[in-house]
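Position 30, counted from 1, in the sequence shown is what my numbering calls 178; the numbers after and before it change by one each time, with no gaps. Where a beta carbon is used, it is the ideal one built from N, C-alpha and C, also for glycine. None of the values given here were measured: they were computed from a predicted structure.
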Amino acid sequence: MINNSFEKDILNGLNSQPKRLFSKYFYDEKGSSIFQEIMQMDSYYLPKCETEILRDRSHEIIALLPNSTYDVVELGAGDGTKTTLFLEALLNSGKTINYLPLDISPDILEYNKQVIGNKFPELTILPIAGDYFETLDKIKPRKNPKIVLFMGSNIGNFEGAKAIEFLKFVRKFLSEGDFFLLGADLKKHPQTILRAYDDPDGITKRFNLNLLHRINKELKGNFNPENFDHFASYDPLSGTTKSCLISKANQTVQVAGQSITFENNEPIHMEISQKYGLRDLIELREKAGFSSDFHFQDSKAYFSLSLFKY
Ligand code: AVI
């Protein structure tokens with residue numbers, strides 16, 4: 149099915165200067181499966197570090213939660229595999245919890261419910277499918293205190309002030325006594341970060357090129373993905389990783405009935421993945437209006453799970 153906002157965003161992006169496409173469109177069926185390959189790469193340290201924190205430090209996070217009952221709300225929950233570690237620690241600590249996974253995809257939520265439900269048969273699971281606005285609106289009237297999870301460094305894909313806007317937006321659906329748990333990738337040696345986004349096997353390149361395939365399929369495009377290279381860069385001053393596709397020739401491509409011309413070596417900006425220092429995370433928390441913060445890192449201090457109090 150052709151999605152109009154997809155078409156509009158793609159055409160606007162390709163007619164902008166510099167050209168740009170948006171990483172939120174990476175995740176069609178093929179893109180989601182390539183992302184699973186990325187998650188398995190040795191150089192893509194993020195999921196391993198986050199899992200280590202959830203495995204080894206969940207009890208410290210839970211010690212900061214004063215209530216005995218919580219709604220655990222997970223934004224962009226996906227299949228929920230990592231979350232089992234946190235849910236298990238909550239249940240072991242004697243808390244009564246309900247799990248509310250929110251995701252745009254009803255299929256992934258169905259799978260999530262099966263996986264988590266099999267592991268914790270006693271847990272109440274209330275999946276809610278839809279975009280953030282619809283789903284958060286549904287959890288707002290619930291009486292239990294909430295802990296909202298936003299993990300996987302997904303915050304890093306928001307550009308500039310959009311990360312703060314997003315946290316402010318989520319906070320509007322929370323109230324006194326609630327918490328927000330943010331998974332954020334930390335600033336570290338630039339080479340380590342670059343290797344995560346520029347792997348020698350070309351998996352990240354395929355991940356980016358897949359969006360051109362998607363445009364071909366869904367918007368009657370005729371990109372030849374072989375005419376584009378992938379280039380990732382990391383700026384240690386700003387903490388921003390940028391991914392671009394680079395045109396390997398002067399070429400004209402048709403998309404949804406429009407002709408888009410590329411000069412040789414012209415970039416398409418595809419994605420940013422922001423890295424944070426501790427000070428940056430504190431600033432983010434303050435600007436979003438949360439009252440205090442606590443940070444839990446893995447043994448290499450590559451990644452942070454940061455708990456913000458309403
Ligand atoms: C989903 N997101 C947090 C990933 C990231 O690290 O920015 C997407 C990704 N892009 C390239 N590799 C992984």
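Here the distance from the Cβ of D333 to the nearest heavy atom of ligand 1 is below 8 Å. Sixteen is the threshold: since fewer than 16 other Cβ atoms of the shown chains lie within 10 Å of the Cβ of D285, the residue is exposed.
Inter-residue distance for F451 and L194 is about 7 Å (C-alpha atoms, whole angstroms). Residue range P338 to Y345 is occupied by the alpha helix (DSSP H) that includes P338.
Bridge partners of E419 according to DSSP: S391. Counting only the Cα atoms, D279 lies some 32 Å from S407. Short of 8 Å from the beta carbon of F154, and not among the five residues preceding or following it, lie these beta carbons of its own chain, in chain order: Y173, E366 and L367. By the criterion of at least three beta-carbon pairs nearer than 8 Å, the segment 398 to 413 is not in contact with the segment 197 to 209.
Taking a cut-off of 8 Å for Cβ pairs, the segment 392 to 404 and the segment 201 to 214 do not touch, as fewer than three such pairs fall below it.
The DSSP-derived three-state label of N375 is helix. Judged by DSSP in its simplified three-state form, K167 adopts strand.
With a threshold of 16 other beta carbon atoms within 10 Å, P293 meets it and is buried.
In the same chain as D227, and ignoring 5 residues on each side of it, the C-beta atoms closer than 8 Å to its own belong to I256, Y259, N260 and V263, in chain order.
Note that the C-beta distance between I273 and L233 is not below 9 Å. In the DSSP assignment, no residue is bridged to S301. When Cβ pairs closer than 8 Å are counted between the two stretches, the segment 327 to 336 is seen to touch the segment 301 to 314, the count reaching three or more. For the 9 Å CB-CB criterion, K390 and I420 form a contact.
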